[in-house]
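Participant: In my numbering, the protein residues as written are 2 to 361.
The structure that follows is given in the form of structure tokens.
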């Protein structure tokens, strides 16, 4: 889930620039004669579903999956907004769903075609961003997590208890952080005692100053694969997606996860069906297939994100379920703060982000 939170307005501008790429990069839908197509066009985050899972769906249903990938919500929104029903299924972060509904970009989902929806944990369905799951079905999610290498961080790990500790001069040029304005600005707002979804211009101006002050400690902004800098020793600390810490640990990096005193930020990704999708029923079959316990668990083993499937969790390795970089401890669940749709206030976040990073 190497994602960057979306700027709807920028996305609309990008539509026209990306249309030619969009049209040349997608598979063909065969819908002649009113028959269901033998092809399904899926648009998803990079490295989110293993190829073996796609192959199993193709074999079970006798279809071809044209699997395309994006690396940001902006890219996804721009290409889906181009319309034409080229994509049958895509992924949207929770706070992106209302914006897509408002712009009539996605179709209602027929949950009667997705009986495995019953496998989902109640805490992850019927959320405020999509009451009744009329337009979306949860897939996986993650928290913004803090990981440090005790061998190279240059300070006692016990000294790092809060987001505010990231400003310690001892961390100069040692951090890799997400290139994600909603998450990083959200973290700074929380460090100041505000909500991560705060839209007060004065509070955002405070956040901009704090971000500028943090820049000397940031070695790199990276949302694509921040684990690499942790694995190869370039970064001693990471404010990244929790699964990136877990994957770095899997590759031998000595990183410990710290739960900040302010609490964690969380985001969930959801399947949505673009407007005028040519193969809506096949898309719903794919969602139902992904929610099969064995399939869902297989995906979680390859890509250890938060899995909202209660039946799949019975099949996932305990070391994954007990890793706090992936699954927050029970006592943290009530303190989780979701990233929300902030409407036109996103323009304030854009300005804060660009001005702060531009000051480097």
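All C-beta atoms, glycine included, are put in the ideal place defined by N, C-alpha and C.
Please tell me whether residue 198 and residue 307 are closer than 8 Å, where the distance is taken between their beta carbons.
Facilitator: The answer is no: Cβ separation not under 8 Å.
Participant: Relative to the C-alpha of residue 136, which residue among 157, 200, 282, 111 is closest?
Facilitator: Comparing Cα-Cα distances from residue 136 to each of 157, 200, 282, 111, the minimum goes to 111.
Participant: Could you tell me which uninterrupted alpha helix (DSSP H) segments, each at least 4 residues in length, are contained entirely in the stretch 56-112, listed from first to last along the chain?
Facilitator: As far as the stretch 56-112 is concerned, its whole alpha helix (DSSP H) runs of at least 4 residues are 74-82, 97-103.
Participant: Please state whether DSSP places residue 339 in a helix, a strand or coil.
Facilitator: In the structure shown, residue 339 sits in a strand (DSSP, three-state: E or B).
Participant: Going by the DSSP bridge assignment, what does residue 257 pair with across the sheet?
Facilitator: BP columns for residue 257 point to 149.
Participant: Rounded to the nearest angstrom, what separates residue 140 and residue 271 at their Cα positions?
Facilitator: So the two alpha carbons sit approximately 5 Å from each other.
Participant: Is residue 45 closer than 8 Å to residue 92 when the C-beta atoms are compared?
Facilitator: Yes; because the gap between Cβ atoms is below 8 Å, this pair is in contact.
Participant: Could you tell me which whole beta strand (DSSP E) segments of length 3 or greater appear in the stretch 144-230?
Facilitator: DSSP runs (the beta strand (DSSP E)) wholly in the stretch 144-230: 176-178, 219-222.
Participant: Can you name the start and end residues of the alpha helix (DSSP H) that residue 1 belongs to?
Facilitator: In the structure as shown, the chain begins at 2 and stops at 361. Residue 1 is therefore absent and cannot be evaluated.
Participant: Between residue 165 and residue 329, what straight-line distance do the alpha-carbon atoms span, to the nearest angstrom?
Facilitator: Those two C-alpha atoms are separated by around 20 Å.
Participant: In terms of DSSP beta bridges, what is residue 46 paired with?
Facilitator: DSSP output for residue 46 lists 71 as bridge partner(s).
Participant: CB residue 145 to CB residue 322, shorter than 8 Å?
Facilitator: No.
Participant: When the Cα of residue 284 is compared with those of 56, 336, 66, 324, which residue comes out closest?
Facilitator: Selected option, being the one with the closest Cα: 66.
Participant: Based on the DSSP secondary-structure assignment, which residues constitute the bridge partners of residue 272?
Facilitator: Looking at the DSSP assignment, residue 272 forms a beta bridge with 92, 138.
Participant: Are the beta-carbon atoms belonging to residue 174 and residue 117 less than 8 Å from one another?
Facilitator: Contact: no.
Participant: Please name the residue, chosen from 79, 82, 61, 87, that lies closest to residue 281 on a Cα-to-Cα basis.
Facilitator: The candidate whose alpha carbon is nearest that of residue 281 is 87.
Participant: I'd like to know whether the C-beta atoms of residue 178 and residue 241 end up nearer to each other than 8 Å.
Facilitator: Contact flag set, yes.
Participant: On the three-pair Cβ rule with 8 Å, is the stretch 148-156 touching the stretch 201-220?
Facilitator: They do not touch, by the three-pair rule.
Participant: Mapping the DSSP letters down to three states, classify residue 285 as helix, strand or coil.
Facilitator: Looking at residue 285 - three-state DSSP - the assignment turns out to be helix.
Participant: Starting from the C-beta of residue 336, find all residues in its chain whose C-beta is less than 8 Å away, skip the five residues before and the five after it, and write them out in chain order.
Facilitator: These residues qualify, in order along the chain: 264, 265.
Participant: Along the chain, where does the alpha helix (DSSP H) that runs through residue 350 open and close?
Facilitator: Per DSSP, residue 350 belongs to the alpha helix (DSSP H) from 347-358.
Participant: Can you tell me whether residue 105 is buried or exposed, with buried defined as 16 or more other CB within 10 angstroms of its CB?
Facilitator: By the neighbour-count rule (16 or more Cβ atoms within 10 Å), residue 105 is not buried but exposed.
Participant: For residue 40, which of 54, 58, 52, 194 has the nearest alpha-carbon?
Facilitator: The shortest Cα separation from residue 40 among 54, 58, 52, 194 belongs to 58.
Participant: Would you identify the three-state DSSP class for residue 40, choosing helix, strand or coil?
Facilitator: DSSP places residue 40 in strand when its eight states are reduced to three.
Participant: Kindly indicate the opening and closing residues of the alpha helix (DSSP H) around residue 313.
Facilitator: Here the alpha helix (DSSP H) through residue 313 covers 311-314.
Participant: Do you know offhand how far residue 318's Cα is from residue 324's?
Facilitator: Approximately 10 Å, taken between the alpha carbons.
Participant: Do residue 126 and residue 134 have their CB atoms nearer than 8 Å?
Facilitator: Going by C-beta atoms, residue 126 is nearer than 8 Å to residue 134.
Participant: Does the stretch 206-218 come close enough to the stretch 180-192 to have 3 or more Cβ pairs within less than 8 Å?
Facilitator: Short answer: they touch.
Participant: Please classify residue 345 as buried or exposed, where buried requires at least 16 neighbouring CB atoms within 10 angstroms.
Facilitator: Residue 345 should be labelled exposed.
Participant: Who are the near neighbours of residue 243 in its chain, counting only those whose CB is closer than 7 Å to its CB and skipping five residues on each side?
Facilitator: Cβ neighbours of residue 243 beyond the five flanking positions: 143, 144, 146, 326, 327.
Participant: Return helix, strand or coil for residue 121, following the three-state DSSP convention.
Facilitator: Strand.
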